[in-house]
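Undergrad: One structure, as structure tokens, below. Some questions next.
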Amino acid sequence: MAAPDPEIIHEIELQRPRLPVGVLSKQERDVLVERALVGLYRWYLSRSQATRNWSPDRSFDWRALRTDHSIEVNKLIEGFFAVEQYVPDYTSKQLLVMRKSQGRSSFLIRWGSEEEKHAATWLNALLFLRHRPRKWIEEYKWMLREIEFNLPWDDPLHLLFYAILQERATQLNYLGTALIARGESDKPELKNDRDPILEQAATTIARDEVAHYSFFLEIARVYLYYHPTQALEALMDVIKTFAMPALNIIPNGAEFYDLVHRTGVYGVRAYARDVIQVLFDQLGVKGRKAVEEAVKRSRQVPDGNGDLHDTAVFNALDYHAVEASVRRLFGRIQAYEQEIGLAEVDPTQFVASGYAAG
Ligand SMILES: [Fe+2]
Ligand SMILES: [Fe+2]
Numbered sequence: 310m311a312a313p314d315p316e317i318i319h320e321i322e323l324q325r326p327r328l329p330v331g332v333l334s335k336q337e338r339d340v341l342v343e344r345a346l347v348g349l350y351r352w353y354l355s356r357s358q359a360t361r362n363w364s365p366d367r368s369f370d371w372r373a374l375r376t377d378h379s380i381e382v383n384k385l386i387e388g389f390f391a392v393e394q395y396v397p398d399y400t401s402k403q404l405l406v407m408r409k410s411q412g413r414s415s416f417l418i419r420w421g422s423e424e425e426k427h428a429a430t431w432l433n434a435l436l437f438l439r440h441r442p443r444k445w446i447e448e449y450k451w452m453l454r455e456i457e458f459n460l461p462w463d464d465p466l467h468l469l470f471y472a473i474l475q476e477r478a479t480q481l482n483y484l485g486t487a488l489i490a491r492g493e494s495d496k497p498e499l500k501n502d503r504d505p506i507l508e509q510a511a512t513t514i515a516r517d518e519v520a521h522y523s524f525f526l527e528i529a530r531v532y533l534y535y536h537p538t539q540a541l542e543a544l545m546d547v548i549k550t551f552a553m554p555a556l557n558i559i560p561n562g563a564e565f566y567d568l569v570h571r572t573g574v575y576g577v578r579a580y581a582r583d584v585i586q587v588l589f590d591q592l593g594v595k596g597r598k599a600v601e602e603a604v605k606r607s608r609q610v611p612d613g614n615g616d617l618h619d620t621a622v623f624n625a626l627d628y629h630a631v632e633a634s635v636r637r638l639f640g641r642i643q644a645y646e647q648e649i650g651l652a653e654v655d656p657t658q659f660v661a662s663g664y665a666a667g
């Protein structure tokens, strides 16, 4: 008898169900996701108040902002101002989708209050730049708010991955602006835009965006750990269609898009390398191709409770790394609960999904 084709052996190996007994039920996993969300939110709130309690009015010496910036810098700030005008839509519409989750909705309300500070900061910047008359700024604001932003997705999981990409991309935009304001841009037209106040504003906002990104990243790991197939599918759906929020509704969105590329603030290369690749590394995802392949091959295997699970996704994930980061997160939550005393009345406990043993 001829030896079996190695490719067929490989194929069979890929499709071999590897679900151990003892995998948690969907309900148990949902409870653990929520537990992590609430715990991380408590930690986040405490840290946010202790380390990022800045004021859009008082934290910057606005009178010292330069008023002779390049047209590019003026337009960039108008664009940032425009995008941050939709905080009421971003927050209220997502809140309706997530109201049942205490952790997710509490964070969203907090997140909205921090994003609102960004809008207020860019308004101050616009006023003190003195590039546009006060009346123009006022009319521009009303015009922007006349249009409503609609959510790009209507379920919490897709919105989570959208938020991760958006926070990271926004952070890069603001860091790119801070670089211009340090006088370090390699574009000749931006050589004379050094401005310590603008740099401070952009860096302060970018620090918030990092904190938002980190929150969403931790929660994405929790989903990948307890709901790997759904999480990977949502991640891929979002990556394929991602665009910065509100670019399609602000009146000069296409021009603003060109501007951020032209000024080197953000671009396609940054999206592929500094957003997607960084995210894959941080999530333990092996790459776009591996995920697409795994999703295509995914097949459902029943566990001892009769719940169905997909197994092929484990080929696209460094699941042990995911588990290690989720254990670390629960450890951080537990340390916080010890500090506060919550550990005595309502301690959070890590429970293994049961998948890793495979
Ligand atoms: Fe923001
Ligand atoms: Fe943000």
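In short: position in the sequence shown from 1, add 309, done, that's our numbering.
All C-beta atoms, glycine included, are put in the ideal place defined by N, C-alpha and C.
Does ligand 2 have even one heavy atom less than 7 angstroms from the beta-carbon of residue 425?
TA: Checking the Cβ of residue 425 against ligand 2 gives no.
Undergrad: Sort out for me which residues DSSP pairs residue 250 with in a bridge.
TA: As shown, the chain starts at 310 and ends at 667. That puts residue 250 outside it, with no answer to give.
Undergrad: Would you mind reading off the limits of the alpha helix (DSSP H) that contains residue 402?
TA: 396-407
Undergrad: Can you determine whether any heavy atom of ligand 1 sits closer than 7 angstroms to the C-beta of residue 479, and answer yes or no?
TA: Checking the Cβ of residue 479 against ligand 1 gives yes.
Undergrad: Ordered along the chain, which non-local residues of its own chain (more than five positions away) have a Cβ less than 6 angstroms from that of residue 633?
TA: none
Undergrad: Kindly indicate which residue of 337, 393, 371, 386 has the alpha-carbon position closest to the one of residue 518.
TA: 393
Undergrad: Can the beta-carbon of residue 403 be found closer than 8 angstroms to that of residue 468?
TA: yes
Undergrad: Using 10 angstroms around the beta-carbon of residue 649, count the other beta-carbons present and answer buried if the total reaches 16, otherwise exposed.
TA: exposed
Undergrad: Which residue comes first and which comes last in the alpha helix (DSSP H) that contains residue 620?
TA: Residue 620 -> no alpha helix (DSSP H), and no H or E assigned at all.
Undergrad: Starting from residue 366, trace the alpha helix (DSSP H) both ways and give me its first and last residue.
TA: No alpha helix (DSSP H) contains residue 366, which DSSP labels as neither H nor E.
Undergrad: Specify, as a first and last residue, the run of the alpha helix (DSSP H) that residue 572 falls within.
TA: Where residue 572 is concerned, there is no enclosing alpha helix (DSSP H), given that its DSSP letter is neither H nor E.
Undergrad: Using only the heavy atoms of ligand 1, determine whether one of them is closer than 7 angstroms to the beta carbon of residue 386.
TA: Result no, Cβ not under 7 angstroms from ligand 1.
Undergrad: Output needed for residue 438: all residues of its chain with C-beta closer than 7 angstroms, excluding positions within five of it in sequence on either side, in chain order.
TA: Counting only residues of its own chain and dropping the five nearest sequence neighbours on each side, residue 438 has a CB closer than 7 angstroms to the CB of 374, 376, 378, 383, 386.
Undergrad: Can you check whether the CB of residue 389 is closer than 8 angstroms to the CB of residue 431?
TA: Against a cut-off of 8 angstroms, the Cβ pair of residue 389 and residue 431 comes out as a contact.
Undergrad: So is residue 442 buried or exposed if we call it buried at 16+ other beta carbons inside 10 Å?
TA: Exposed, by the Cβ-count rule.
Undergrad: How many Å lie between residue 526 and residue 544 at the Cα?
TA: 12 angstroms
Undergrad: Looking at residue 517 and ligand 2, is the gap between the Cβ and the nearest heavy atom below 7 angstroms?
TA: Relative to the non-hydrogen atoms of ligand 2, the Cβ of residue 517 comes within a distance shorter than 7 angstroms of at least one.
Undergrad: Only counting the same chain, and skipping five residues up and downstream in sequence, which positions put a Cβ closer than 7 angstroms to that of residue 398?
TA: 457, 458
Undergrad: If you draw a straight line from the C-alpha of residue 354 to the C-alpha of residue 574, how long is it?
TA: Cα to Cα, residue 354 sits roughly 30 angstroms from residue 574.
Undergrad: Should the region 520-538 be called in touch with the region 621-641, which here means at least 3 C-beta pairs below 8 angstroms?
TA: yes
Undergrad: Would you call the region 539-555 in contact with the region 464-483, where contact means no fewer than 3 C-beta pairs closer than 8 angstroms?
TA: Cβ pair count under 8 angstroms is three or more, so yes.
Undergrad: Kindly indicate the opening and closing residues of the alpha helix (DSSP H) around residue 657.
TA: Residue 657 -> no alpha helix (DSSP H), and no H or E assigned at all.
Undergrad: Since residue 540 and residue 466 should fall inside the 8 angstroms C-beta cutoff, what is the C-beta to C-beta distance between them, to a whole number of angstroms?
TA: 7 angstroms
Undergrad: Pick out whichever of 316, 345, 367 has its Cα sitting closest to the Cα of residue 635.
TA: With distances taken between Cα atoms, residue 635 lies closest to 345.
Undergrad: So what does DSSP say about residue 583, is it helix, strand or coil?
TA: helix
Undergrad: If residue 572 and residue 424 are in contact, beta carbons under 8 angstroms, what's the gap, nearest whole angstrom?
TA: Between residue 424 and residue 572 the Cβ distance is about 23 angstroms, and since that is not below 8 angstroms, they are no contact.
Undergrad: From this set, 342, 482, 450, 412, which residue's C-alpha is nearest residue 352's C-alpha?
TA: For the options 342, 482, 450, 412, the alpha carbon positioned closest to that of residue 352 is the one of 412.
Undergrad: On the DSSP letters alone, give me the boundaries of the alpha helix (DSSP H) that residue 668 sits inside.
TA: As shown, the chain starts at 310 and ends at 667. That puts residue 668 outside it, with no answer to give.
Undergrad: Buried or exposed, going by whether 16 or more other CB atoms sit within 10 Å of the CB of residue 569?
TA: buried
Undergrad: Please state whether the Cβ-Cβ distance between residue 510 and residue 391 is less than 8 angstroms.
TA: no
Undergrad: Could you check how far apart the C-beta atoms of residue 396 and residue 463 are, in whole angstroms? I think they sit under 8 angstroms.
TA: No, residue 396 and residue 463 are not in contact; Cβ-Cβ is about 19 angstroms, not under 8 angstroms.
Undergrad: Please state the DSSP three-state secondary structure of residue 314.
TA: coil
Undergrad: Would you report the Cα separation of residue 584 and residue 638, rounded to the nearest angstrom?
TA: Answer to the nearest angstrom: the Cα atoms are 22 angstroms apart.
Undergrad: Write down every uninterrupted run of the alpha helix (DSSP H) in the region 434-489 whose length is 4 residues or greater and which is fully enclosed by it, in chain order.
TA: 443-455
Undergrad: On the criterion of 16 or more Cβ atoms from any shown chain inside 10 Å, does residue 480 qualify as buried, or is it exposed?
TA: buried
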